[in-house]
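Down below is the structure, laid out as structure tokens.
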Amino acid sequence: MKRINNSVIVLSLFAGITYTQAQEKKQLSLDEAVQLGIQNSKSLKIDAAKIEEATADLLEAKNRQLPELKVSASYLYLPMKPNVDIRLPGVSGAGGPEVHQVAFGSANLSVPIYSGGRIKYGIESAKYLVEASKLSTESDKVAIAYNVAQAYNNLFKANQSIKVLEENLTASQKRDETFLKLENNGVIARNDRLKANLQTSNIELQLLEAKNNYNIANINMDLLLGLPETTEIEVDQNYVDESDDVKPVSFYLNEARENRKDLQALDQQRKAAELGTKSAKAENLPSIAFTGGYVAADIPKFLTIYNAVNVGVGVSYNLSNIWKENSALKQSKAREMQLSATNELLNDNIKLDVNREYQNSDYSKKRITVFEKAAVQANENYRITKNKYDNGLATMTELLDADAAQIAANVGVINAKADAALAYRKLLQTTGTLTIK
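The UniProt record's numbering numbers the first residue of the sequence shown as 1 and each following residue consecutively.
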């Protein structure tokens, strides 16, 4: 059974080596990774389309203030002779001309003069919505920056765990060789040697799991950054030391109020909603426009009209507004109330998020000190236990337990540092200041 397990492990390691050799290696700092993630983000492409849509709505709103010019022309053929009865004093319709075709055309011009402010409010509202779309995109960029940082952190932790486990596996394998010689010489019992072998197998399994986690984290990073899935990303080993000194929580709350793009986007939406209410009120007012037109007609052998130009002022008012309730106004006011409540909720959530991530960041930094202390203790405990075992004062079980505790403590230090770096970036995300350095 031992031989089969070793064969499986050897084949797995060989497959992992072959896979690694087939990959293209690319070294990236965290900020470079974030930049790539933003450049290749599919969600930001959707945001770009939303900005284009809002910009088109703004163009449509601006077009409403421009003159409307419509031209029409028609030609009609009459296969049958129509009955023409001219009823004018002194003119007889009897024996009138045969009419077989008619051609006429017209041009109409309308220039808006007054619309109760609907056009002006529509343009201003559309501008606010364009700005809101842009701010939402900036908010999404901050979220993407954190997602990339999280994936980068997972890749770093998996990579560091592999290094620690590989070092311990080498030491454990050498220990197995020594114990095998001691067993052959009758110094230790076979059971003790098997316990050591079991410890080595456990380390091998942990190493396989760490490599599996690394491969998954690497593929996740490739997808986030828009890189080929065969690209092996080499992380910057020093990124865990990038976090700055944490300032008082009030500083981060002020930063959030000033920099959160989603809060700013909501403010633009509220301004647009206010203008929507004004525009809805203007629906009850008349519209006035300057009008002009030109008409030409030709009925061969019967009638010709040209230079029929008209100018004037047109007034339009929907009389049904007198007895119909303004539903658009009610909808717009409801929209204002909804956005106002959303604003209050978002502000509360921001306070909660900032305070929570501030506490998490502080907690993560304190964990580093504890894990470093535990690692020193675990390493010293292993050294002492090893000396005792060599002098016959400690059992094999105690030695292996000390070795396992040493591995766990050293991996814990790495994970604690990486988690602290990520927690600090999460804090920056909640303030809206997580950007590329």
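Don't be surprised by glycine CBs; every beta carbon is placed ideally from N, CA and C. Keep in mind it's a predicted model, so treat the numbers as computed, not measured.
| Could you give the C-beta distance for Tyr424 and Val354, rounded to a whole number, given that I count them as a contact under 8 angstroms? | Here the question's residue 424 lines up with position 424 in the sequence shown. Here the question's residue 354 lines up with position 354 in the sequence shown. Rounded, the Cβ-Cβ distance is 13 angstroms, inconsistent with contact.
| task | Would you check if the distance between the CB atom of Thr230 and the CB atom of Glu24 is smaller than 8 angstroms? | result | Residue mapping note: residue 230 aligns to position 230 of the sequence shown, counting from 1. Residue mapping note: residue 24 aligns to position 24 of the sequence shown, counting from 1. Yes; because the gap between Cβ atoms is below 8 angstroms, this pair is in contact.
| said: Please report the distance separating the alpha-carbon of Gln237 from that of Phe156. | reply: Mapped onto the sequence shown, residue 237 falls at position 237. Mapped onto the sequence shown, residue 156 falls at position 156. C-alpha separation (whole angstroms): 7 angstroms.
| Is DSSP giving Ile322 helix, strand or coil here? | In the sequence shown, the residue the question calls residue 322 occupies position 322. Helix, per DSSP.
| field | Under the three-state DSSP convention, the category residue 440 falls into | value | Nothing in the structure corresponds to residue 440, since the chain is present only between 1 and 437.
| Hey, Leu427 and Asn153: beta-carbon distance below 8 angstroms or not? | Position 427 of the sequence shown, counting from 1, holds the residue named residue 427. Position 153 of the sequence shown, counting from 1, holds the residue named residue 153. Not closer than 8 angstroms, so no.
| task | Name, in chain order, the residues that DSSP records as bridge partners for Ala103. | result | The sequence position of residue 103 within the sequence shown is 103, counting from 1. Paired residues: Tyr75, Asp298.
| 6 angstroms Cβ shell around Leu28 - same chain, five flanking residues per side excluded | Translated into the one-based positions of the sequence shown, residue 28 becomes position 28. Taken in chain order, the residues that qualify are Ile233.
| task | Pick out whichever of Gln160, Ala375, Lys417 has its Cα sitting closest to the Cα of Lys366. | result | In the sequence shown, residue 366 corresponds to position 366, counting from 1. When only C-alpha atoms are compared, the closest one is Lys417.
| field | Cβ distance (whole Å) where Ala196 is taken to contact Asp222 below 8 angstroms | value | The count along the sequence shown starts at 1 and reaches residue 196 at position 196. The count along the sequence shown starts at 1 and reaches residue 222 at position 222. In fact, because the Cβ distance is near 39 angstroms, the residues do not count as touching under 8 angstroms.
| Is Leu28 helix, strand or coil by DSSP? | Counting from one through the sequence shown, the residue named residue 28 turns up at place 28. Leu28 falls in the strand class under three-state DSSP.
| request: Inspect the beta-carbon positions of Leu319 and Gly116 and report whether they are closer than 8 angstroms. | output: What you label residue 319 is simply residue 319 of the sequence shown in a count that begins at 1. What you label residue 116 is simply residue 116 of the sequence shown in a count that begins at 1. No, the Cβ-Cβ distance between Leu319 and Gly116 is not below 8 angstroms.
| task | Give the secondary structure of Thr291 by DSSP, where H, G and I count as helix, E and B as strand, and everything else as coil. | result | Taking the sequence shown and counting its residues from 1, one reaches residue 291 at position 291. Correct three-state label for Thr291: strand.
| query | Which residues bound the alpha helix (DSSP H) around Ala308? | reply | Locating residue 308 in the sequence shown gives position 308, where the first residue counts as 1. Careful: Ala308 lies outside any alpha helix (DSSP H), inside the beta strand (DSSP E) at 303–316.
| field | CA-to-CA distance, Ile384 to Asn349, given in whole angstroms | value | Start at 1 with the first residue of the sequence shown, and residue 349 comes out as number 349. Start at 1 with the first residue of the sequence shown, and residue 384 comes out as number 384. So the alpha carbons of these two residues sit roughly 51 angstroms apart.
| query | Three-state secondary structure (DSSP) at Leu165? | reply | Sequence index remark: in the sequence shown, residue 165 carries index 165 (1-based). Leu165: helix per DSSP, three-state reduction.
| task | Kindly give me the distance between the Cβ atoms of Val235 and Val411, rounded to whole angstroms, as I take these residues to be in contact under 8 angstroms. | result | If you number the sequence shown from 1, residue 235 lands on position 235. If you number the sequence shown from 1, residue 411 lands on position 411. Wrong, their Cβ atoms sit about 16 angstroms apart, outside the cutoff.
| task | Identify which residue in Thr430, Leu182, Leu180 has its Cα closest to the Cα of Arg356. | result | Within the sequence shown, the letter at position 356 stands for residue 356. Out of Thr430, Leu182, Leu180, Thr430 has the C-alpha closest to the C-alpha of Arg356.
| request: For Ile368, collect the residues of the same chain with a Cβ closer than 6 angstroms to its Cβ; drop the 5 residues on either side in sequence, then sort them by chain order. | output: Looking up residue 368 in the sequence shown gives position 368. Closer than 6 angstroms at Cβ, skipping near neighbours: Ala416, Lys417, Ala420.
| DSSP state of Leu427 mapped onto helix, strand, coil | Residue mapping note: residue 427 aligns to position 427 of the sequence shown, counting from 1. Helix.
| query | Among residues of its own chain, excluding the 5 on either side of Thr433, which ones have a beta-carbon nearer than 6 angstroms to its beta-carbon? | reply | Within the sequence shown, numbered from 1, the residue matching residue 433 stands at position 433. Counting only Cβ-Cβ distances below 6 angstroms, and skipping sequence neighbours, we find Glu255, Asn259.
| Leu66 to Ser340 span [Cα, whole Å] | Position 66 of the sequence shown, counting from 1, holds the residue named residue 66. Position 340 of the sequence shown, counting from 1, holds the residue named residue 340. If you take the alpha carbons of Leu66 and Ser340, they lie about 34 angstroms apart.
| field | Sufficient close CB pairs (3 or more, under 8 angstroms) joining the region 116–128 to the region 46–65 | value | yes
| request: Just the C-alpha distance for Gln150 and Ala143, rounded to the nearest angstrom, thanks. | output: The residue labelled residue 150 in the question sits at position 150 within the sequence shown. The residue labelled residue 143 in the question sits at position 143 within the sequence shown. Rounded to whole angstroms, Gln150 to Ala143 spans 11 angstroms at the Cα level.
| Can you tell me where the beta strand (DSSP E) with Ile384 in it begins and where it stops? | For the purposes of this step, residue 384 is identified with residue 384 of the sequence shown, where counting begins at 1. No beta strand (DSSP E) holds Ile384; the alpha helix (DSSP H) holding it covers 327–390.
| field | Three-pair Cβ contact test at 8 angstroms for the region 273–293 versus the region 306–313 | value | yes
| said: For Glu274 and Ala282, what's the separation of their Cα atoms in angstroms? | reply: As a first step, residue 274 is located in the sequence shown; it is residue number 274 there, counting from the start. As a first step, residue 282 is located in the sequence shown; it is residue number 282 there, counting from the start. Each residue's alpha carbon lies about 13 angstroms from the other.
| message | Let me make sure I understand the geometry here. Which of Ala158, Val370, Val246, Thr397 has the alpha-carbon closest to that of Gln359? | response | Here residue 359 is taken as the residue at index 359 of the sequence shown, counted from 1. Measuring from the Cα of Gln359, the nearest candidate turns out to be Val246.
| said: I'd like to check one pair, Leu224 with Ile203: are the Cβ atoms closer than 8 angstroms? | reply: As a position in the sequence shown, residue 203 is number 203, starting the count at 1. As a position in the sequence shown, residue 224 is number 224, starting the count at 1. For Ile203 and Leu224, no; Cβs fall outside 8 angstroms.
| query | With 16 other CB atoms within 10 Å as the buried threshold, where does Tyr382 fall? | reply | Locating residue 382 in the sequence shown gives position 382, counting from the first residue. By the 10 Å Cβ count, Tyr382 comes out buried.
| field | Val111, DSSP secondary structure in three states | value | For the purposes of this step, residue 111 is taken as the residue at position 111 of the sequence shown. In this structure, Val111 counts as strand in the three-state DSSP scheme.
| request: Put Thr18 into one of helix, strand or coil per three-state DSSP. | output: Counting from 1 along the sequence shown, the entry for residue 18 is found at position 18. Only weak support is given to the placement of Thr18: the predicted model assigns it a pLDDT of 47, under 50, and the question is left unresolved by the model.
| Which of the three DSSP states, helix, strand or coil, is assigned to Thr395? | Counting from 1 along the sequence shown, the entry for residue 395 is found at position 395. Correct three-state label for Thr395: coil.
| query | Between Ile407, Ser279, Tyr389, which lies nearest to Ser327 when the distance is taken from Cα to Cα? | reply | Position 327 of the sequence shown, counted from the first residue, corresponds to residue 327. Checked all of Ile407, Ser279, Tyr389; the closest Cα to Ser327 is Ser279.
| query | CB Asp298 to CB Ala73, shorter than 8 angstroms? | reply | To locate residue 298, count along the sequence shown from 1; it is residue 298. To locate residue 73, count along the sequence shown from 1; it is residue 73. No, the pair does not count as a contact, with Cβ atoms beyond the cut-off.
| query | On the premise that Ile288 lies in contact with Tyr121, defined as a C-beta separation below 8 angstroms, what is that separation, rounded to the nearest angstrom? | reply | Taking the first residue of the sequence shown as position 1, residue 121 is located at position 121. Taking the first residue of the sequence shown as position 1, residue 288 is located at position 288. Not really, about 17 angstroms apart at Cβ, beyond 8 angstroms.
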